[in-house]
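Residue numbers (UniProt numbering), protein chains in the order written: chain U, 1 to 190; chain V, 1 to 190.
Glycine included, every Cβ here is placed at the ideal spot set by N, Cα and C.
Number of protein chains: 2
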Amino acid sequence: MPRISATKQAILAAALELGALHGISGTTMEEVAERAGVAKGSVYYNFASKDKLFEELLTAGVSSLSATLRTAREQASGFGAIEAMVMQMLTLIAENRALAKLMAAEIFRTDRVWQHTVSGLRREGVSEIGTALAPLVPAETPEATRLLMAGGIFGATLMGGLEWLLFTPETPVEDVAAAILFTYSGRLAQ
Amino acid sequence: MPRISATKQAILAAALELGALHGISGTTMEEVAERAGVAKGSVYYNFASKDKLFEELLTAGVSSLSATLRTAREQASGFGAIEAMVMQMLTLIAENRALAKLMAAEIFRTDRVWQHTVSGLRREGVSEIGTALAPLVPAETPEATRLLMAGGIFGATLMGGLEWLLFTPETPVEDVAAAILFTYSGRLAQ
DNA sequence: GTCTATAAGGTGATAGAC
DNA sequence: GTCTATCACCTTATAGAC
Chain U
1 MPRISATKQA ILAAALELGA LHGISGTTME EVAERAGVAK GSVYYNFASK DKLFEELLTA
61 GVSSLSATLR TAREQASGFG AIEAMVMQML TLIAENRALA KLMAAEIFRT DRVWQHTVSG
121 LRREGVSEIG TALAPLVPAE TPEATRLLMA GGIFGATLMG GLEWLLFTPE TPVEDVAAAI
181 LFTYSGRLAQ
Chain V
1 MPRISATKQA ILAAALELGA LHGISGTTME EVAERAGVAK GSVYYNFASK DKLFEELLTA
61 GVSSLSATLR TAREQASGFG AIEAMVMQML TLIAENRALA KLMAAEIFRT DRVWQHTVSG
121 LRREGVSEIG TALAPLVPAE TPEATRLLMA GGIFGATLMG GLEWLLFTPE TPVEDVAAAI
181 LFTYSGRLAQ
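Listed below in structure tokens is the structure:
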């Protein structure tokens, strides 16, 4: 017995697809209703407001990313943890392409009601990577510096992942991960 | 004698600040006019439409980034070119914080009239970095792989730069560049 | 639970006086 | 060149029938 009705699920799916396409501000509740195959009144029966609707979508995405990164980190050690996190994050992006686009567009917004939610995405993602970096950087490295590095790895994976899906989607995920990880091998700086 | 009137400049400045704060869709022409200290009619006298207004803003930003990266690349060689590009891109982001936020939010949009403009930002940025990478990667590396790496470096710098400005703006730009570049030293993977 | 109809307010854009 | 006034439309949200 699903605790989420078919209608609610259809609305969420419609909102996700449209939001990825036109952004959240660019998506209207009318369009969402039409795409979900229900009337606008039904959308408002299931979600109190447009903000609540998208917040639910984003919250689910944040949880999903956090859990994925944490699991990847715990299943490997040393630099292997970074490798696993990059790989798993790329897989997640590929599986939830629309959600990834939606979140990428919102990630630096500071004026939304769900700001806390999306900000949590970056913070949790970056801090998971930061934790994995701790044993890999010199002992005297300040935490802020480590978080900047983590932000860089997070950003590289996100940008690389979206570029991959937009321009060369036929490339296997392993190759994309390998390309990003190659930059950390030290062979560029030789 | 400026070829751009004071009014036009005030409107562009207002649109930039508001756009960085609320996004482009979230910014109204009424607000832009108010902040610029002119009437809405004057905004429309200077810009044919809201789209044209923001397109002008974004176009200027793209040119600026492209020029900066090209200059940085040409003034150094080998890995030094990557170092210079990261450093100059961070400097540019710091100097044009609002523009950087505006562009970051639009960079993966595919449905806007200025899509071509913003898409050009990423493409030109990534391809400049890709050019600098050519002598640094194994000879048999496909171009697509090299561009994925370049996208990663671009994404790392953008994300690192925005995190820097949002959370630890007192950190000197050199330290931020050093943190990002450290990840390419190979010392993480040892 | 889902629908239709409508309210209430905002938005991009234009006309025409000055 | 800049202003005020206004249009036509769109958007979120709600009321009430079924």
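| Query | Result |
| --- | --- |
| Backbone secondary structure at residue 96 of chain U - three-state DSSP | coil |
| Helix, strand or coil at residue 114 of chain V according to DSSP, with G and I counted as helix | coil |
| Check whether residue 31 of chain V and residue 18 of chain V have beta carbons under 7 Å apart | yes |
| Interface positions of the UniProt domain "HTH tetR-type" (5-65) of chain V facing chain U (Cβ-Cβ less than 7 Å), listed along the chain | 21, 22, 23, 25, 26 |
| Length of the line joining the Cα atoms of residue 29 of chain U and residue 57 of chain U | 15 Å |
| Candidates U/104, U/34, U/181: closest to residue 65 of chain U by CA position | U/104 |
| Residue of V/180, V/78, V/9 minimising C-alpha distance to residue 189 of chain U | V/78 |
| 6 Å CB neighbourhood of residue 24 of chain V in its chain, flanking five on each side removed | 54 |
| 7 Å Cβ cutoff met for residue 152 of chain V and residue 151 of chain U | no |
| Opening and closing residue of the alpha helix (DSSP H) in which residue 145 of chain U lies | 143-167 |
| Straight-line gap, residue 62 of chain V to residue 166 of chain U (C-alpha atoms, nearest Å) | 20 Å |
| Helix, strand or coil at residue 88 of chain U according to DSSP, with G and I counted as helix | helix |
| Neighbour flag for residue 129 of chain V against chain U, beta carbons, 7 Å | no |
| Outcome for residue 200 of chain V when other beta-carbon atoms lying within 10 angstroms are tallied against a minimum of 16 | Chain V is shown only over 1 to 190; residue 200 of chain V falls outside these bounds and no answer can be derived. |
| Alpha carbon of residue 126 of chain U to alpha carbon of residue 109 of chain V, nearest angstrom | 23 Å |
| Below-7 Å beta-carbon distance, residue 149 of chain V vs any chain U residue | yes |
| Under 7 Å from the C-beta of residue 185 of chain V: neighbouring residues of chain U | 186, 189 |
| Cross-chain neighbours of residue 73 of chain V in chain U, by beta carbon under 7 Å | Here the premise fails: no neighbours, minimum Cβ distance about 14 Å. |
| DSSP state of residue 193 of chain V mapped onto helix, strand, coil | No information on residue 193 of chain V is available, as it lies outside the stretch 1 to 190 that chain V covers here. |
| Short CB-CB distance (under 7 Å) between residue 163 of chain V and chain U | yes |
| 7 Å Cβ cutoff met for residue 6 of chain U and residue 81 of chain U | no |
| Simplified DSSP assignment, three categories, for residue 30 of chain U | helix |
| Residue burial classification, residue 88 of chain V (beta-carbon count within 10 angstroms, cutoff 16) | buried |
| Under 7 Å between C-beta atoms of residue 100 of chain V and residue 85 of chain V | no |
| Close-in-space but distant-in-sequence residues of the same chain around residue 8 of chain V (CB under 6 Å, 5 per side omitted) | 46 |
| Alpha carbon of residue 34 of chain U to alpha carbon of residue 42 of chain U, nearest angstrom | 11 Å |
| Collapsed DSSP secondary structure at residue 7 of chain V in the structure displayed | helix |
| Residues from the stretch 98-122 of chain U in contact with chain V, defined by Cβ distance under 7 Å | 101, 104, 105, 108, 109, 111 |
| Helix, strand or coil at residue 170 of chain V according to DSSP, with G and I counted as helix | coil |
| 7 Å Cβ cutoff, residue 156 of chain U in contact with chain V | yes |
| Residues of its chain near residue 90 of chain U, where Cβ-Cβ distance is below 6 Å and the 5 sequence neighbours each way are ignored | 161, 173, 176, 177 |
| 7 Å Cβ cutoff met for residue 36 of chain V and residue 60 of chain V | no |
| Helix, strand or coil at residue 67 of chain U [DSSP, three-state] | helix |
| 7 Å Cβ shell around residue 97 of chain U - same chain, five flanking residues per side excluded | 165 |
| Alpha carbon of residue 49 of chain U to alpha carbon of residue 26 of chain U, nearest angstrom | 15 Å |
| Cutoff 7 Å: residue 136 of chain U Cβ touching any chain V Cβ | yes |
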